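Student: In order, the protein sequence lines correspond to chains S, H, Y and B.
Our numbering puts the first residue of the first sequence at 89, with every later residue one more than the last.
Our numbering puts the first residue of the second sequence at 89, with every later residue one more than the last.
Our numbering puts the first residue of the third sequence at 1277, with every later residue one more than the last.
Our numbering puts the first residue of the fourth sequence at 1277, with every later residue one more than the last.
We treat Cβ as the ideally placed atom computed from N, Cα and C, and that holds for glycine.
Fair warning: this is a prediction, and the values are worked out from it, not measured in the lab.
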Amino acid sequence: MSVALREGAAEDVRAAADRMAVFLSRFIRDGELVFHGVASPLPMAAVVMARNTHAPNLTYLNIPGGVDPKPSHLPGSTVARQLMEGALSYFTLTEIFDLSARGKLDLAFLGGAQIDARGDMNLSFIGDPASPKVRLPGGAGSAHILPTAGRTVLWRTVHDARSFPERCDFVTASGNVEAVVTPLCIFKKAEGRLRVKSIHQGVTADALRAATGFDLGDLEQTPTTPEPTDAERVALHAADPEGVRQREFI
Amino acid sequence: MSVALREGAAEDVRAAADRMAVFLSRFIRDGELVFHGVASPLPMAAVVMARNTHAPNLTYLNIPGGVDPKPSHLPGSTVARQLMEGALSYFTLTEIFDLSARGKLDLAFLGGAQIDARGDMNLSFIGDPASPKVRLPGGAGSAHILPTAGRTVLWRTVHDARSFPERCDFVTASGNVEAVVTPLCIFKKAEGRLRVKSIHQGVTADALRAATGFDLGDLEQTPTTPEPTDAERVALHAADPEGVRQREFI
Amino acid sequence: MSGKIMSLTQAAALVQDGDMLALGGNALTRIPAAFVRELARQGRKDMRLVKTAGAYDVDLLCAAGAVAQTQTGYVGFENLFGLAPSYRLSVEEGRVQAVEHACSTVIAGLRASAYGLPSQPVAGLEGSDVAALTGFRQVKDPYTGESTYMVPRIRPRFAVLHVTYADAEGNARIDGGAFEDVLMSRAAESVILTAERIEETAFFVEKPDRTAVPAFMVQAVVHAPGGARPGGCHPFYDIDEDAVGAYLDSASGAESLRAHLDAWEERDHAGSAAASGSVV
Amino acid sequence: MSGKIMSLTQAAALVQDGDMLALGGNALTRIPAAFVRELARQGRKDMRLVKTAGAYDVDLLCAAGAVAQTQTGYVGFENLFGLAPSYRLSVEEGRVQAVEHACSTVIAGLRASAYGLPSQPVAGLEGSDVAALTGFRQVKDPYTGESTYMVPRIRPRFAVLHVTYADAEGNARIDGGAFEDVLMSRAAESVILTAERIEETAFFVEKPDRTAVPAFMVQAVVHAPGGARPGGCHPFYDIDEDAVGAYLDSASGAESLRAHLDAWEERDHAGSAAASGSVV
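(1) In whole angstroms, what separates the C-alpha of S/D248 from that of S/A105?
(2) On the three-state DSSP scale, how would you describe Y/E1376?
(3) Quick one: list the residues of chain Y neighbouring S/V155, beta-carbon separation under 7 Å, in chain order.
(4) Do H/F213 and H/D156 come within 7 Å of each other at the CB atom, strictly closer than that value?
(5) Cβ closer than 7 Å: which chain H residues qualify as neighbours of Y/L1356?
(6) Determine the contact status of B/R1433 and B/A1388, defining contact as a CB-CB distance below 7 Å.
(7) Could you say if the segment 125 to 138 of chain S and the segment 316 to 325 of chain S meet the contact criterion of at least three C-beta pairs nearer than 8 Å?
(8) List, in order along the chain, the chain B residues whose C-beta lies closer than 9 Å to that of S/A249?
(9) Going along the chain, which residues of its own chain have a beta-carbon closer than 6 Å to the beta-carbon of Y/L1524, five neighbours each way excluded?
(10) Taking the beta carbon of B/H1377 as the centre, do at least 16 other beta carbons fall within 10 Å, making it buried, or is it exposed?
(11) Let me make sure I understand the geometry here. Which of B/V1467, B/L1325, B/G1385 and B/Y1419 has the alpha-carbon closest to that of B/A1488?
(12) Skipping 5 residues on each side, what residues in its chain have a beta carbon closer than 8 Å to that of B/V1372?
(13) Give me the Cα-Cα distance between S/L195 and S/V101, rounded to the nearest whole angstrom.
(14) Does DSSP classify S/G199 as helix, strand or coil?
(15) Helix, strand or coil, according to DSSP, for B/F1412 in the structure here?
(16) Listing by chain order, which chain S residues have their CB less than 8 Å from the CB of B/E1402?
(17) H/F123 to H/E266, Cα distance in whole Å?
(18) Taking a contact to mean a Cβ-Cβ separation below 7 Å, would you say H/K285 touches H/K277 in this structure?
(19) On the three-state DSSP scale, how would you describe H/Q334?
(20) Rounded to the nearest angstrom, what separates B/A1444 and S/V241 at their Cα positions?
(21) Give me the subset of the segment 174 to 188 of chain H whose CB atoms are less than 9 Å from a CB atom of chain B, sorted by chain position.
(22) Suppose you measure from the CA of S/C181 to the CA of Y/Q1414; what does that come to, to the nearest Å?
(23) I'd like to know whether the C-beta of Y/S1395 is nearer than 7 Å to at least one C-beta of chain H.
(24) Terminal residues of the continuous beta strand (DSSP E) containing Y/V1351?
(25) State the beta-bridge partners of B/C1509 as determined by DSSP.
(26) Counting along the chain, where does the alpha helix (DSSP H) carrying H/S219 start and finish?
(27) Name, please, each residue of chain S whose Cβ falls closer than 8 Å to the Cβ of Y/P1484.
(28) Any idea what DSSP makes of Y/G1220, helix, strand or coil?
(29) Determine, using beta carbons only, whether S/F258 comes closer than 7 Å to chain B.
(30) Taking Cβ positions, are B/Y1425 and B/V1406 nearer each other than 7 Å?
(31) May I ask which residues mark the beginning and end of the beta strand (DSSP E) holding S/A184?
(32) Counting only beta-carbon separations shorter than 7 Å, does B/P1418 have a partner in chain Y?
(33) Could you have a look at H/C256 and say whether DSSP puts it in helix, strand or coil?
(34) Taking the DSSP output, what are the residues bridged to H/N264?
(35) Do you know whose CA, among B/A1496, B/P1511, B/T1470 and B/D1322, lies nearest B/M1296's CA?
(36) Which of the three DSSP states is assigned to H/S90 in this structure?
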């Protein structure tokens, strides 16, 4: 799929970005305290759109610290000042970690370079940490948030066997993962392992297996992910008219 | 002396308050970070006056959090809002404790109901803590500040054998005590024990011994505390024209 | 939109017998005085009170027989009036357990709660009898081997804060000294605000950096102008020393305390009576 | 009164080879960019850098060969440009020791320093390989028996903060997100400010609650308008993506990095040239 996207038309990128943003937004429950961190355009779009669909009473927390900002436009950096616009209060990253540590952060969106069969994630190293093949950016707050937030939802825009191995090269973070959203499917975590909750429209079970580095078990009864509704599409485009969410695919 | 003060004229109170405020102020070195806490009119007057005598570059910290306030008048409560007036920044009590803990608070003034021969102080209990004869207010920040501040100067407006015992009934705080200012004398701490540094004018060695619950050793060579200078008196009266410092003697 | 606004009566009724409360403000400045008077009027019992430096608020609840435990660094009326008579008597007679703290160990216990930790290390305390009396335990630092005192988590059921401005959703601004109020709001399970003024949302949007407590932490908002009296509340009023003195004269007996509470009742409810449509 | 105001050249010269620096801002927002460029121009070596989320600042100093160690939770250019190339290469080739942190453990280490403690407990980290790799040790909580990770003190020689407003004495205001700047100022031995604007004392007296760093903590103040560029600085300018891209294009070799530093040199010094009367 990642190959298909890279070779595909801009339209494929748009469709994948729209789907993933919408699917992420569906995990937000109304009234929740929701956080995303650095390098997170898809969750940013998902949170902003969810306020205009099913979760008008969510509270939106982010790294710059604006509580419930009304950004004039979505920035390419999810640490930019637009995420403070229109806020009634500021709540710094330090405060968000503390909030999570005391069990009061409901939902966090976190990305991983690798996400393994246990739902653990890696943003630190490819290869041996002592002599890494690739030094990744680091997990930011994930090692803290994954085990302390009420629920976390992971996402990754590339779905291939290297990104979804049986075991991460290094476990940057592990914890309360509810689900993982990819361009091909949604995983849920059950009994300590990722299971396919639904497969996106147009993706075959065989293609999903081929793109995943761990065993997926029986997929015969796996439902298809409901496509974004018209209302969801409208809300998403209103939230992110410039398509910042697509930058995750570049 | 405490008896003398209680029976004495208001003039005696004024003289004792002026002396103690001036003597406290002399411990401030120019450029220092200086703190006093709750229930501290004498140090408040001492700090404010010192800015107009020998320590124009001190930084004045207090519980309300005004850094270097220019109070329009000195309040009866040393936690009152006047201690924020004219400040360029706020620095809360929590921050002051942290500052002291990391070794950056130069000087703190702290009061004690009892101050013993070792320079330890008690603001907690008279009698057995399990069944106290008197429940005192508690030591506020003293147990933290005494061992962590660079220097501390204690004071007490009553000088009698109960207030200055060989050993406190309970040690609320112990630590870096440089000196103790009383209506009768100034103690300095040396080799773990309070020694008389100077005796105030008009106080005899015998009267001082009689009013003190611990052995004072040889007092023959003890100098007389230099009386407040005219410049100090002028600065003190300018700092505290209403005589709030006298409230400690009521 | 009324949001979380309720009457003083309703807000005080959120507090249950036995609850631990962190009381905002310090000494006689910006204390939740109207709220503690209402707790006394409602006959609340076995409160556990947390504060660095208390005065009228802690003493009045002791006078009302509403307190089981205090965790404080200081309780007294400074050089204005000296010792806190009802607090002192309640402790001396064994009716109130006064857990001896330094102000810094109250802060450390609140930090442990705010940071999601079982306990928080704290500097200082060397040579003090406080640690042994209160039972603060030490750990050996795993890097340096230094012995460090740990203060167990203090997690109040409510932080009760009298603030200068709030909106109906619970955003709170504190003008003047904030003391430990912000930390208390993070350490407590929930927050009850009494506020001098109720403002519109736009007031907070204009200066979001001034919002000390964000709405999502707050359960109740009470409009209580004068709610810190007889204490002071910048920029609205100073400490009323005569009224503090009148309290101290009255607090010596149950009947005179009742008279004190009665005398303040109408004023305490004036701001929030409209909120519920009915006053006690 | 000139107070602590000095030129960028002079302020950067306060930093010695081998010093540990906490760099303010986050990702590409309000970073001390002009200051790190000047460190690179002055040829500083063996810097130890502390930051939760770094980008241009950390990467540029890696590109310049000025870094021995990083303590960070994240270093990268987000979805704008992906991985940080010079940081990545320096670590992969073993020239820079990247101490693996979560952002929360960087904060805990800074808290330990700010609170005068040898180490600070932190929640989270369960199941992560970070603690074992970095060597975070556990203690048994003395009250509950829970195992808790402790992060050793991180005490930078300087916190280097680019702020929106400062006065000549070192009072600093930060408009917009403050990130970890305030904590860094408390954790470090001293503070160096670069500021968009130098204001008179009255500016701070008017809103003392907005002063993020009080003067007594600060050693140097540099007037550096545009000092966060190519990063953004609210309310003055946004992230300049083209300029960030130009850096990334140039950072691949020593000569092109030199050209990048040269290209910024005049702008970097323009604000503070008058302070010393002489520019490099």
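Tutor: Looking at the coordinates:
(1) 17 Å
(2) strand
(3) P1490
(4) no
(5) G164 and S165
(6) no
(7) yes
(8) Within chain B, no residue comes near S/A249; the closest Cβ sits about 21 Å away, beyond 9 Å.
(9) F1357
(10) buried
(11) B/V1467
(12) C1338, V1343, A1344, Q1345, T1346, Y1363 and S1366
(13) 26 Å
(14) strand
(15) coil
(16) P235, S262 and G263
(17) 15 Å
(18) no
(19) helix
(20) 47 Å
(21) G174, A175, L176, S177, Y178, F179, E183, F185, D186, L187 and S188
(22) According to the sequence provided, residue 181 of chain S is Leu. The question's Cys does not apply to it. Rounded to whole angstroms, S/L181 to Y/Q1414 spans 30 Å at the Cα level.
(23) no
(24) V1343 to F1353
(25) B/Y1513
(26) Here H/S219 belongs to no alpha helix (DSSP H); instead the beta strand (DSSP E) covers S219 to R223.
(27) G154, V155, M172, A175, L176, S177 and Y178
(28) One cannot answer for residue 1220 of chain Y here, as it falls past the ends of chain Y, which runs 1277 to 1556.
(29) yes
(30) no
(31) Ala is not the amino acid found at residue 184 of chain S; the sequence shown has Ile there. From DSSP, S/I184 is part of no beta strand (DSSP E) but of the alpha helix (DSSP H) over L181 to A189.
(32) yes
(33) coil
(34) Note: H/N264 sits in no beta bridge, so no partner.
(35) B/D1322
(36) Interpretation of H/S90 is limited by its pLDDT of 40, a score under 50 that renders its predicted location unreliable; the figure taken from the coordinates is listed afterwards. Three-state result, H/S90: helix.
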